[in-house]
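Right, one structure below, let's go through it.
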Amino acid sequence: SIVFLNDGFMPIEEAKISPLDRGFLFGDGIYEVIPTYNGKAVGLEPHMQRMFDGLAAIGIKSTKTLAEWRELIEQLLEANEGDYLGVYLQVSRGADVKRYHAYPENVEPTIFAMTTAIKPAIAADASAAKGFSVSTTEDMRWKRCQIKSTALLGNVMHFQQGYENGSDEILLYNENNFLTEASSSNAFIVKDGVVITPIADNQILPGITRKLILDILEKDGSIPVEVRNVSMEEVFNADEVWVTSSSKEIAPVTSIDGKVVGDGKVGQVWEAAFKLYTAHKYEY
Ligand code: PLP
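In terms of UniProt numbering, the sequence shown opens at residue 2 and continues consecutively.
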């Protein structure tokens, strides 16, 4: 595949960075994943805004404007094959001359971009969609989860824990037994027809898929939405549970810790929400 590194495009095999890069040594960087379907991006601007916010939060000066990123992404998509591509963008603080914690001055950030294959949208009918099996565990990550940091070890360890149990994802809860998110997704529950998701504070990544779903549902108005704390008791008693992300869109969860969610089938609210999402996602 063709990737972008620092100032140009090249085959992935030719892309090399210094072992002193702080992305490598400290996980000191910010990343994004933007889904594209047949060349059309979903949520490009909110994704880039989140990246700019993350870079500002960790004091990396943005090296490219929105227009420049847009052009880079277009060229990257032209250079790579595939109908369903995730655009992976990463900016690390760059390579210093020594390993030292303080942010170095006058170091150029390392900019990297590649495409990754993503699965085409899952079946839109509840009867055909595959339900996810998830497990649960206490969220052991840091208190700055709103930053899309490349330091993903906490998320990776949680995902692995679920993966080793045969789970597709793992739901996380805080010390007060409230749902935060999942290891690589946001989480929603549905109870009595109401779609409910946790508040986007420092305990979760403000997912763009989450944001689009909330906006699309609010504009449509036929499905009520609440953004508030969600206890794990509510999760276990929910009629439906979903996990959302750029690569999985809205995935219905049909089993949690081996117990069925609702009636164990993919739900009707999921089907309605997924149809609305599919109809409106390119508007963002
Ligand atoms: N939460 C975490 C921890 C994630 O890593 C991700 C994305 O991969 C999400 C939520 C979903 O975010 P988005 O919808 O922007 O992909």
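All residues carry an ideal CB built from backbone N, CA and C; glycine is no exception.
Simplified DSSP assignment, three categories, for residue i
i, result
"G167", "coil"
"Y283", "helix"
"I205", "coil"
"E106", "coil"
"A114", "strand"
"residue 297", "Here the chain covers residues 2 to 285 and nothing more, so residue 297 does not appear."
"V4", "strand"
"A16", "coil"
"K276", "helix"
"V195", "strand"
"V270", "helix"
Residue i to residue j span [Cα, whole Å]
i, j, result
"residue 310", "E33", "Residue 310 is absent from the structure shown; the chain starts at 2 and stops at 285."
"P47", "Y104", "27 Å"
"Y101", "K212", "37 Å"
"S246", "I35", "10 Å"
"E75", "G28", "27 Å"
"N107", "E176", "41 Å"
"K276", "Y283", "13 Å"
"N203", "V4", "32 Å"
"V231", "F237", "11 Å"
"N7", "G263", "49 Å"
"R220", "F53", "The question names Arg, but residue 220 in the sequence shown is Lys. Rounded to the nearest angstrom, the two C-alpha atoms are 26 Å apart."
"E235", "K41", "37 Å"
"E82", "E182", "32 Å"
"G132", "T255", "5 Å"
"F10", "Y278", "33 Å"
"K62", "L56", "7 Å"
"Q50", "L78", "20 Å"
"I251", "A130", "11 Å"
"T138", "L172", "6 Å"
"E109", "A274", "43 Å"
"I257", "K65", "42 Å"
"E15", "I112", "15 Å"
"T151", "R94", "11 Å"
"R71", "A80", "14 Å"
"residue 291", "K99", "The structure shown does not extend to residue 291, since the chain spans only 2 to 285, so no value can be given for it."
"K144", "P225", "30 Å"
For residue j and residue i, believed in contact at Cβ under 8 Å, the rounded distance
i, j, result
"P253", "G268", "6 Å"
"G163", "V135", "7 Å"
"L21", "A96", "4 Å"
"K149", "L206", "6 Å"
"I190", "A239", "4 Å"
"M233", "Y174", "5 Å"
"S184", "N156", "5 Å"
"Q91", "G44", "Contact flag wrong, Cβ pair sits at about 18 Å."
"P199", "L180", "6 Å"
"E241", "V270", "6 Å"
"I13", "M115", "7 Å"
"D87", "S248", "Contrary to the premise, residue 87 reads as Gly rather than Asp in this sequence. That belief holds up - the Cβ atoms of G87 and S248 are roughly 6 Å apart, short of 8 Å."
"V261", "A188", "The pair is not a contact, with the Cβ atoms about 17 Å apart (cut-off 8 Å)."
Check: residue i C-beta below 7 Å from any heavy atom of the ligand FMN
i, result
"T210", "The ligand content of the structure shown is limited to the ligand PLP, which means the ligand FMN is not among them."
What residue ranges within the region 125-184 form continuous alpha helix (DSSP H) runs of no fewer than 4 residues, ordered along the chain?
-> Scanning the region 125-184 for uninterrupted alpha helix (DSSP H) segments of 4 residues or longer gives 154-165, listed from N- to C-terminal end.
Can you list the beta strand (DSSP E) stretches of 3 or more residues lying completely in the region 209-247, in chain order?
-> List check, beta strand (DSSP E) in window: 226-228, 241-246.
Length-filtered (3 minimum) beta strand (DSSP E) runs lying within the region 29-112 = Every beta strand (DSSP E) of 3 residues or more that sits fully in the region 29-112 is shown, in chain order, as 30-38, 85-93.
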